[in-house]
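Residue numbers (this note's numbering), protein chains in the order written: chain E, 2 to 194; chain Y, 2 to 194.
Quick reminder that beta carbons are idealized off the backbone N, C-alpha and C, glycines included.
Take a look at the structure below.
Number of protein chains: 2
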Amino acid sequence: MSDTYHHGNLREALIEAGIRIINESGENALSLRKVAAACEVSHAAPYAHFKDKNELIEAIKMSVTEQLMCELEDAIKSAANSESAIVGMGKKYVSFFLKNPDYFKFLFRRQNITAHLKTDEKTDDDYPPFVLLKKTYLKYLKENRIEKNKKEQEVELLKIWASAHGLAAIACMSGVIPSFDWDEMLEGDDLLR
Amino acid sequence: MSDTYHHGNLREALIEAGIRIINESGENALSLRKVAAACEVSHAAPYAHFKDKNELIEAIKMSVTEQLMCELEDAIKSAANSESAIVGMGKKYVSFFLKNPDYFKFLFRRQNITAHLKTDEKTDDDYPPFVLLKKTYLKYLKENRIEKNKKEQEVELLKIWASAHGLAAIACMSGVIPSFDWDEMLEGDDLLR
DNA sequence: TATAATAACTTTACATTGTCAAGATTGGAG
DNA sequence: CTCCAATCTTGACAATGTAAAGTTATTATA
């Protein structure tokens with residue numbers, strides 16, 4: 002009857018609507034029915050594209066992660082060498098989540114514990130930003146002819162990673178910290194090295 | 002009629018039941034009604050002790066944080082000096098959440114934990130583990146007669162904190178980097194210094 | 001091109017959940 | 001003992017996730 006029976010691009014529209022809702026009202030306001038309503042489809046329409054709510058959430062996560070990856074790649078491009086690329090990535094990582102605190106809480110929260118039990122052979126390759134950091138780090142070692150064994154590499158990589166991720170976590174989870182000037186803090190090179 | 006109309010200690014029982022449910026089935030399985038049922042009271046009974054679900058969650062958070070604080074204080078006690086106390090705290094912090102990954106996701110899911118990072122500020126709202134670290138850090142500076150201005154102190158404290166918190170985050174968050182041997186990693190002194 | 005198959009969507013239905021309101025029960029202060 | 005406030009129950013309601021069955025449009029196929 003109506004030519005709008007089929008949305009045409011509902012899957013993407015649902016993801017975008019989901020992101021909008023998270024940004025406007027936080028993750029706890031994200032419901033399948035609201036997302037569906039935002040796309041002007043019935044409340045069960047999403048089930049044609051996602052198995053359940055968790056699958057929609059995973060898709061949104063992927064979309065947000067892609068955004069982050071773009072910024073990280075920009076940071077690498079505008080760095081003189083791979084050492085400053087690492088620092089630049091760290092800053093970008095923190096500032097990205099500082100700009101979108103809801104994204105952090107949303108991304109790093111396991112929705113369904115049982116959903117992850119199947120794929121227990123997860124590797125670090127699962128999280129693209131970490132893969133990018135690892136690549137940049139290895140390039141840095143090579144560029145500066147630094148010899149380290151696997152273990153030492155792992156530890157150092159982990160330290161760099163924890164530093165950036167930890168800062169982002171603190172910045173986003175601690176609520177508003179008016180007394181602390183994050184922008185200024187990120188100006189210096191000291192913090193993430 | 003029945004002598005069990007009044008539970009007697011329902012508030013504490015609800016908190017304990019909540020913790021049990023989180024440990025057994027994850028946070029997403031935590032519902033007011035299930036917690037009430039676990040205590041064998043009606044579904045609306047919790048409202049005599051908590052304004053809403055969020056208040057129960059906050060109470061559970063406080064309880065878990067107290068557990069963590071006990072372990073952190075133990076770590077300080079068994080350290081030779083305040084420098085090794087800082088390292089010990091970091092290890093304890095990570096291993097605590099490594100032992101109880103659900104606690105991490107649960108504690109840092111919402112915004113209410115506020116860490117005021119200004120060194121000279123002290124509020125009741127402070128996140129207790131951070132306050133303890135700050136105290137230990139200042140003692141360390143004094144003990145070793147290290148002169149640093151406020152800004153330098155803030156940055157260093159933040160780095161230590163981010164390191165520990167970031168490691169815990171990575172260790173607990175789903176599938177980010179599960180391929181590391183965390184126990185062995187925490188054996189060395191290198192990681193958190 | 002006609003028709004069958006399939007994907008996309010709607011409607012209906014139901015269980016779970018958070019929360020409120022009104023009432024029942026009980027311990028304790030006076 | 002009496003009354004009050006705290007505690008708990010019952011019943012209700014709206015929001016939500018999700019399953020089932022039916023409807024419509026698109027696509028494939030003959």
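Run of the alpha helix (DSSP H) containing residue i, from where it starts to where it stops
| i | result |
| --- | --- |
| A86(E) | S83 to K100 |
| L141(Y) | According to the sequence provided, residue 141(Y) is Tyr. The question's Leu does not apply to it. Start and end: P129 to E144. |
| V65(Y) | K54 to K78 |
| K151(Y) | K151 to C173 |
| A39(E) | L33 to A39 |
| E17(E) | L11 to S26 |
| L192(E) | Run containing L192(E): none; DSSP gives neither H nor E here. |
For residue j and residue i, the rounded distance between their alpha carbons
| i | j | result |
| --- | --- | --- |
| A169(E) | L73(E) | 14 Å |
| P102(Y) | I171(Y) | 10 Å |
| D190(E) | G89(E) | 9 Å |
| A86(E) | G167(E) | 19 Å |
| T5(Y) | L139(Y) | 51 Å |
| S96(E) | M186(E) | 11 Å |
| K35(Y) | F51(Y) | 15 Å |
| E56(Y) | K152(Y) | 36 Å |
| A30(E) | I77(Y) | 41 Å |
| G9(Y) | L69(Y) | 27 Å |
| E13(Y) | C40(Y) | 10 Å |
| K81(E) | D182(Y) | The identity of residue 81(E) in the sequence shown is Ala, whereas the question assumes Lys. Their Cα atoms are separated by approximately 34 Å. |
| L99(E) | L11(Y) | 40 Å |
| Y141(E) | H7(E) | 51 Å |
| Y48(E) | I23(E) | 20 Å |
| I161(E) | Y104(Y) | 24 Å |
| P129(Y) | V42(E) | 47 Å |
| A46(Y) | V132(E) | 49 Å |
| N113(Y) | E17(Y) | Any answer about N113(Y) is weak, because its pLDDT of 39 lies below 50 and its placement is not dependable; what the coordinates show is given next. Their Cα atoms are separated by approximately 20 Å. |
| I58(Y) | R21(Y) | 13 Å |
| S25(E) | S32(Y) | Before going further, note that residue 25(E) is Glu rather than Ser in the sequence given. Their Cα atoms are separated by approximately 25 Å. |
| Y94(E) | R146(Y) | 35 Å |
| A38(Y) | M63(E) | 37 Å |
| Q154(E) | L192(E) | 20 Å |
| S79(E) | K149(E) | 27 Å |
| S83(Y) | C71(Y) | 17 Å |
| H117(E) | E144(Y) | Unreliable placement is indicated for H117(E), whose pLDDT of 32 sits below 50; the coordinate value is still reported in the next sentence. So the alpha carbons of these two residues sit roughly 47 Å apart. |
| E188(E) | D75(E) | 17 Å |
| K54(E) | D184(Y) | 35 Å |
| L15(Y) | E67(Y) | 17 Å |
| H44(Y) | H44(E) | 28 Å |
Neighbour flag for residue i against chain Y, beta carbons, 9 Å
| i | result |
| --- | --- |
| D191(E) | yes |
| A170(E) | yes |
| K160(E) | yes |
| M186(E) | yes |
| F51(E) | no |
Neighbour flag for residue i against chain E, beta carbons, 9 Å
| i | result |
| --- | --- |
| H166(Y) | yes |
| A163(Y) | yes |
| F97(Y) | no |
| M70(Y) | no |
| V132(Y) | no |
| V156(Y) | yes |
| I178(Y) | The pLDDT assigned to I178(Y) is 49, lower than 50, so where the model puts this residue is not dependable; a value taken from the coordinates is nonetheless given after this. So, interface residue. |
| Q112(Y) | The predicted model places Q112(Y) with a pLDDT of 41, which falls under 50 and marks its position as unreliable; any figure quoted below should be read in that light. Answer yes: the Cβ-Cβ gap between Q112(Y) and chain E drops below 9 Å somewhere. |
Presumed contact (8 Å Cβ cut-off) between residue i and residue j, rounded CB distance
| i | j | result |
| --- | --- | --- |
| G27(E) | I61(E) | At roughly 13 Å, the Cβ-Cβ gap does not stay under 8 Å, so G27(E) and I61(E) are not in contact. |
| V65(Y) | L108(Y) | 6 Å |
| L158(E) | K135(E) | 6 Å |
| K106(E) | C173(E) | 6 Å |
| S164(E) | A165(Y) | Actually they do not touch by this definition, with Cβ atoms about 11 Å apart. |
Cβ-heavy atom distance, residue i to the ligand FMN, below 8 Å
| i | result |
| --- | --- |
| F109(Y) | For the ligand FMN, the structure offers nothing, since it holds no ligand at all. |
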